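FYI, the numbering for the sequence shown is 119 to 668, going by the numbering used here.
Ideal Cβ placement from N, Cα and C applies to all residues, glycine included.
Everything numeric in this text was worked out from a predicted model, so none of it was measured.
All remarks here apply to the structure that follows.
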Amino acid sequence: MHQNKLLMMSMHVFRGLSTDPFRSVAPRQISLWASPMSTNADPIDLARRLIQLAICLQQSDRTSEISALCLDRSNSDVAGQFFEAASRYVTSQDSLVVSFGGIETLMLEGLYHISTGEMRLAWLVFRRAIGIAHLLDLHVPHRRRRSKQLPICLATLWFRLIFTERYLALVLCLPISVRDDSFMDDLDGLEPQEQLERVQAKLTSRIISRNELMQRDRCANDLTYDHYNVTKDIDHALKQAAGSLSADWWAFPRLKDAQTNAELKSMTSKVVLQLHHYNLVLLLHLPYIVPRLGNGSTSQGAQDYTNSKLSAMFASRELLTRCLIAVSPNRVSASTRGNTLKVILAALALLLAHLDSHRLGRDNALDHQRPMDLLMVERAIQGLESMAQKHDDVLCFSAVRALKRLGNMEATAANGLGLSVWCEPSELMLLECLVRDEKDTLILVFPYVGNIHIVRQCHQDDAPTSEAASSGTMEATILNNDLSTSSWPPLSFWPDLAPITPSLGDTHSTIPNGHEIHNSCNLPGGDAELVHMPAMPRLLLQDLHVSDGI
């Protein structure tokens, strides 16, 4: 059952197709699968079996399962050999994959790339599969409906292609190949959760279009496109789609309670759809968590994005609640690597939201949620560290370093040091997180988000006292050390209940006693008002625990 959980999570995209690992099949077909391949077997069938074996080997991470296979090499090496054989001799040959079975095999190839962290390669494979689908007229609605005599539902095949390609394009900030939403005409007879999937695919296209227009608007300095009104429309549609299912359906199921494969399939389908829904909510609102430069400064400064910040934080908590179990240090598997970016962006959203909210001082309503949010971020970082070490994953390695630095900055802001933060889109989308130090400025680069700038707020004290001057010197020292130190011991940015001796990375308030400085200055373009923050109280979290939900 353990391996069924992992396999079902990773192969949910094939639900309803011939490669669905949990679909009901006839006994004769099972016997055919169990029998050796004949010498004149179709190459595409052989390639499909090899890639399926490779994916299953990726999921076999437990020592007992590996030893039972009697392999003379690691399971990942054997999986790579099987995949290489299928790719080199079959799926790379266009003449062998121009069929419905060939499209399914290419989808399996794309899933393998996702499991190895190669999302760009997966996007290329799915784009190629969509091109073949066009050659077979799958883009024609009435052609897809004439598949009753075929062993595969063509309408489902077409939708799975569109669904996955759109998701990959969204997270990679790449264009989509098909903007046609005719799959919405095939809702008759579908279950409510299947209808939700189709709505999600349609809204994914709208989010991609909004992002493209926001980027184009920034480059052209055109203020005519009301991107936030579009965002609110998409958000309303997401709420309506979620409301079409009962409240019980949105409860987080415990996969370990599944007794049969049928129960496991139902639970896993629910978890995957929940993850995708909350991820769409996060990606929709993520651009509005902190001020964004170069996107129409006048309207940006006048617009209130509180709703987007709260929505992104809510979605981040729901994502981490469901993902932390899968990426915890003792459960790392290749099947969880598809959730890596979800975990990174969810942790980033929580840290950015709290960092930006500290400028409100005592009026910061998010402080009540900060302890548990930071605990979830800490667990996410621990899971990413384990995944980075196990799979030598560049994205995880870089994300751990960047999130730790951002955590240090958030703790510094909570202690009273005035920091300003804003974001600007990146010209090039990288599947890697970067950290750059420029004097008193920290620049973090994250996938999908772009460049995040964190700087110390400017001071305009006319006649500072000796105490204030000493405090200002300490501020500069703390900031410079935070910006140049990448190490972050476990729980180092958790607040402490009792007074402690100040250190370079974790210091008491640097605001002079009895004074709250409210001098402000404007960033270039007027996108955000910079306000000095008073010292914040600190709490002890070391006794908190998050229960295991699966």
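Pick from the options that is closest to residue i, judged by C-alpha positions
i, options, result
"H354", "R324, T223, A197", "R324"
"K350", "G361, L229, L314, Y406", "Y406"
"L459", "G525, G235, A204", "G235"
"D510", "R455, L428, E330", "R455"
"I162", "G220, S205, Q487, R372", "G220"
"V678", "G198, K508, V573, S426", "Summary: the structure shown does not reach residue 678, with the chain confined to residues 119 through 668, and so no result is reported for it."
"N329", "S475, R574, I570, Y566", "Y566"
"V461", "M505, R480, Q421", "M505"
"V553", "T530, N533, Q575, K522", "K522"
"L290", "L546, K557, H571", "L546"
"L478", "D558, A531, E283, L493", "A531"
"V563", "Q575, N533, A520", "A520"
"L286", "Y343, R245, S300, G307", "R245"
"Y423", "A247, I294, D474", "D474"
"E309", "S384, E283, N526", "S384"
"L524", "A204, H571, P489", "H571"
"S192", "S178, S205, C551", "S178"
"D160", "Y207, L428, C174", "Y207"
"L164", "S205, V196, I352", "S205"
Cβ-based neighbour list, residue i, same chain, cut-off 6 Å, excluding 5 preceding and 5 following
i, result
"R166", "T223"
"L502", "C514, A517, V518"
"P145", "Legend: pLDDT at P145 = 43, less than 50; position of this residue unreliable, no value from coordinates given."
"A273", "R262, D304"
"T595", "At T595 the pLDDT is 40, less than 50, meaning the model places this residue with poor confidence; the figure from the coordinates comes in the next sentence. Once the five neighbours on either side are set aside, T595 has no close Cβ partner at all."
"G228", "A240, V243, F244"
"Q358", "none"
"C174", "none"
Beta-carbon proximity check, residue i vs residue j, cutoff 8 Å
i, j, result
"F218", "A172", "no"
"W540", "R410", "yes"
"Q176", "L226", "no"
"V495", "L469", "yes"
"G568", "E542", "yes"
"A360", "H403", "no"
"Q311", "L363", "yes"
"L288", "I232", "no"
"L331", "H345", "yes"
"R372", "L442", "no"
"V216", "T209", "no"
"L484", "R238", "no"
"S300", "P259", "yes"
"H476", "D491", "no"
"L398", "Q333", "no"
"A203", "L168", "yes"
"V573", "D558", "yes"
Same chain only: Cβ atoms within 7 Å of residue i, ignoring 5 sequence neighbours per side
i, result
"M302", "R316, K320"
"L400", "A430, A433, S434, L437, L463, A464, A467"
"R297", "S323"
"A646", "Because the pLDDT at A646 is just 42, under 50, the model does not fix this residue reliably, and the point stays unresolved."
"R488", "H472"
"S295", "R245, I248, E283"
"L428", "none"
"S512", "Looking at the sequence itself, residue 512 is Val, so the reference to Ser does not match. So the list reads E550, once near-sequence residues are dropped."
Cβ shell of residue i (< 8 Å), same chain only, five flanking positions each side left out
i, result
"F370", "V389, Q392, T439, R440, G667"
"D366", "none"
"R264", "L272"
"Q421", "Y346"
"G198", "A172"
"S213", "none"
"L268", "F218"
CB contact below 8 Å: residue i versus chain D
i, result
"I221", "Checking the listed chains, one finds no chain D in this structure; it contains a single protein chain."
* Start-end ranges of the beta strand (DSSP E) lying completely within the segment 192–221, minimum 3 residues -> none
* Asked: In chain order, which alpha helix (DSSP H) runs of at least 4 residues are fully inside the segment 223–269?
  -> Within the segment 223–269, the complete alpha helix (DSSP H) runs of at least 4 residues are 237–253, 259–262.
* Decide if the segment 251–259 is in contact with the segment 276–295; the criterion is three or more beta carbon pairs, one per stretch, under 8 Å apart. => Yes: at least three Cβ pairs fall under 8 Å.
* Asked: For the segment 372–443, which segments carrying the alpha helix (DSSP H) assignment without a break, of at least 4 residues, lie completely within its bounds, in sequence order?
  -> Restricted to the segment 372–443, the alpha helix (DSSP H) segments that are unbroken, complete and at least 4 residues in length are 379–403, 415–420, 424–441, listed in chain order.
* Jot down the residue ranges of each uninterrupted beta strand (DSSP E) in the segment 506–584, minimum 3 residues, whole runs only, in chain order. => 537–542, 552–556, 559–564, 568–574
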